[in-house]
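Using my numbering, the first residue of the first sequence is number 39, and each one after it goes up by one.
A short worksheet on the structure shown next.
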Amino acid sequence: MAAKSKTDHRPVAPALLRWYDKHARVLPWRSRPGEHADPYAVWLSEIMLQQTTVATVGKYFRDFMQRWPTVEQLAAAPIDDVMKRWAGLGYYSRARNLHACAVMVAHDYNGQFPDDEAALQKLPGIGPYTAAAITAIAFGKRATVIDGNVDRVVTRLFAIEMPLPLSKPEIRAQAETLTPDKRAGDFAQAMMDLGATICTPKSPSCNRCPLTEVCDAYAQGIADTLPRRAPKKPRPVRHGACFFVTRPDGAVLLRKRVAKGLLGGMMEVPTTPWLDAAAEDYSEFAPLKAKWKKRMGLVEHTFTHFHLILTVFVGAAGAKEAAKAGGVWTAQDELAGEALPSLMRKVVALAMPDEGPLFSKQSKK
DNA sequence: GATTCGTGGTT
DNA sequence: TAACCAAGAAT
39 MAAKSKTDHR PVAPALLRWY DKHARVLPWR SRPGEHADPY AVWLSEIMLQ QTTVATVGKY
99 FRDFMQRWPT VEQLAAAPID DVMKRWAGLG YYSRARNLHA CAVMVAHDYN GQFPDDEAAL
159 QKLPGIGPYT AAAITAIAFG KRATVIDGNV DRVVTRLFAI EMPLPLSKPE IRAQAETLTP
219 DKRAGDFAQA MMDLGATICT PKSPSCNRCP LTEVCDAYAQ GIADTLPRRA PKKPRPVRHG
279 ACFFVTRPDG AVLLRKRVAK GLLGGMMEVP TTPWLDAAAE DYSEFAPLKA KWKKRMGLVE
339 HTFTHFHLIL TVFVGAAGAK EAAKAGGVWT AQDELAGEAL PSLMRKVVAL AMPDEGPLFS
399 KQSKK
């Protein structure tokens with residue numbers, strides 16, 4: 039049979055909204071029925087939720103909302119404070135864009151987020167998904183919100199067999215036909231809830247799904263095989279070393295990474311370049327002269343596109359030598375509050391194995 | 001259009 | 001346990 043045409047209107051939204059009214063998840067950033075949505079809270083949560091799970095975002099969202107309850111207060115905060123509070127969430131350019139966006143909204147928009155997709159998308163860190171989500175959820179205007187959940191749900195509803203990301207235009211075209219004029223925000227959140235709890239990637243719970251009557255993939259018995267994806271490239275392994283050095287007063291030497299690129303703007307235990315093979319001798323990269331002792335074991339960390347294996351050296355520097363080193367000497371009891379990404383918390387945990395759960399819980403090895 | 005950006009939970 | 005992948009954006 040022929041594929042459904044783009045004008046095919048299935049009664050998806052009514053059935054899904056009925057399901058949502060009954061089963062909507064209670065989430066920290068989700069306003070209760072009847073309550074006015076706070077565009078600032080919607081925006082903040084959507085930025086945090088980019089490629090990040092609901093469970094992980096929860097405590098970060100509450101911390102940010104308590105510390106900076108309004109966009110003006112966030113805009114007035116030092117960027118380094120924002121980076122510290124973002125540490126561990128990943129994709130650190132989001133934190134820089136978050137602050138830049140807050141400044142623009144506070145200064146150029148009088149503290150009020152614009153309420154249309156085009157204007158929102160001009161702001162740093164706001165792309166097609168986030169602009170649509172804010173438009174629909176915060177302002178109640180019609181917008182088609184497409185995230186990974188929607189990709190999956192729509193692919194199955196219409197049994198789209200073309201693999202992602204080639205099927206993106208088709209998914210968008212079909213999703214546009216589903217978006218209702220009213221309650222577009224609830225509809226978007228319902229699609230995402232459905233994808234997160236029922237229409238899951240591996241073993242979808244079609245027996246509990248409110249949309250089986252209008253789902254092509256279900257009718258064909260292929261829901262669990264969709265969406266197809268282009269094969270992924272292998273993840274290369276890179277190697278390097280870190281130098282954990284203390285001063286006579288116990289302070290530890292940290293450095294700030296350059297603002298752009300991997301872990302941009304975050305702090306680090308001074309590290310060598312990360313190369314394809316482990317080096318015999320890393321001493322040329324040491325931040326200062328010291329008697330370096332290699333820690334037993336390795337720090338391993340998987341990034342999106344490569345796996346990293348780090349050797350950790352520990353050393354003690356004299357006051358005179360320490361004064362010549364570039365970087366920031368940081369008291370040990372302040373390390374946990376620094377803008378250290380998870381990789382560097384693993385390094386600290388290996389270097390200071392007796393320093394308790396603040397860091398040791400970050401490392402499973 | 002393809003890459004580059006983190007991290008942790010799930011299967 | 002290794003693979004998968006999550007409320008994507010920027011370049």
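Idealized CB from N, CA, C, for every residue including glycine.
- The alpha-carbon of Gly126 is positioned some 14 Å away from that of Val386.
- Counting along the chain, His343 sits inside no beta strand (DSSP E), nor does DSSP assign it H or E at all.
- Checking the DSSP bridge columns, you'll see Phe351 partnered with Phe281 and Lys332.
- Closest in alpha carbon position to Leu216, among Met229, Thr340, Ser205 and Gly96, is Met229.
- Taking Asp118 as reference, the option from Thr94, Leu55, Asp319 and Ala377 with the minimal CA-CA separation is Ala377.
- The C-alpha of Val80 is placed about 40 Å away from the C-alpha of His277.
- For Gln159, same chain residues with a beta-carbon under 6 Å away, outside a window of 5 residues either side, are Ala169 in chain order.
- One thing to note: Leu55 has its Cβ no nearer than 9 Å to the Cβ of Leu136.
- Rounded to whole angstroms, the gap between the alpha carbons of Phe196 and Leu346 is 40 Å.
- Closest by C-alpha distance to Arg293, out of Pro239, Thr368, Tyr129 and Ile164, is Thr368.
- Beta-bridge pairing by DSSP links Glu306 to Arg293.
- Straight through space, the alpha carbons of Pro66 and Tyr58 are spaced by roughly 17 Å.
- In this structure Ala213 is in contact with Val188, their Cβ atoms being roughly 6 Å apart against a cut-off of 8 Å.
- Taking a contact as a CB-CB distance under 8 Å, the pair Val183 and Val50 does not count as one, their CB atoms being some 14 Å apart.
- Beyond the five residues adjoining it in sequence on each side, Gly356 comes within less than 8 Å, by CB distance, of Pro286 in the same chain, given in chain order.
- DSSP places Thr91 in the coil class of the three-state scheme, outside both helix and strand.
- Beta-bridge pairing by DSSP links Thr368 to Val290.
- Annotation for Ser69: Ala75 place their beta carbon closer than 6 Å to its own, counting only its chain and skipping 5 residues before and after.
- Between Ala171 and Glu84 a beta carbon distance of about 5 Å is seen, short of the 8 Å cut, so the two are scored as contacting.
- Burial check for Ser205: the Cβ neighbour count within 10 Å reaches 16 or more, so the residue is buried.
- Phe341 and Leu300 have their C-alpha atoms roughly 9 Å apart.
- By alpha-carbon distance to Asp371, the top candidate from Gly353, Ser321 and Val290 is Val290.
- Under DSSP, Leu202 shares a beta bridge with Arg267.
- Taking a C-beta distance under 9 Å as the contact criterion, Arg132 and Gln88 qualify as a contact pair.
- Under the three-state reduction of DSSP, Leu313 is assigned to strand.
- Looking at Lys220, Ile198 and Tyr147, the one whose alpha-carbon comes closest to that of Ala181 is Lys220.
- Contact between Leu326 and Ala360 is confirmed by a C-beta separation of about 7 Å, below the 8 Å threshold.
- Minimum Cα-Cα distance from Lys362 among the listed residues Ala324, Leu336 and Leu381 corresponds to Ala324.
- Annotation: the continuous alpha helix (DSSP H) that includes Asp59 extends over Val50 to His61.
- Counting the other Cβ atoms within 10 Å of the Cβ of Pro379 gives 16 or more, which makes it buried.
- Judged by DSSP secondary structure, Val188 falls within the alpha helix (DSSP H) whose first and last residues are Gly186 to Leu195.
- The Cβ atoms of Ala157 and Ala113 lie no closer than 9 Å to each other.
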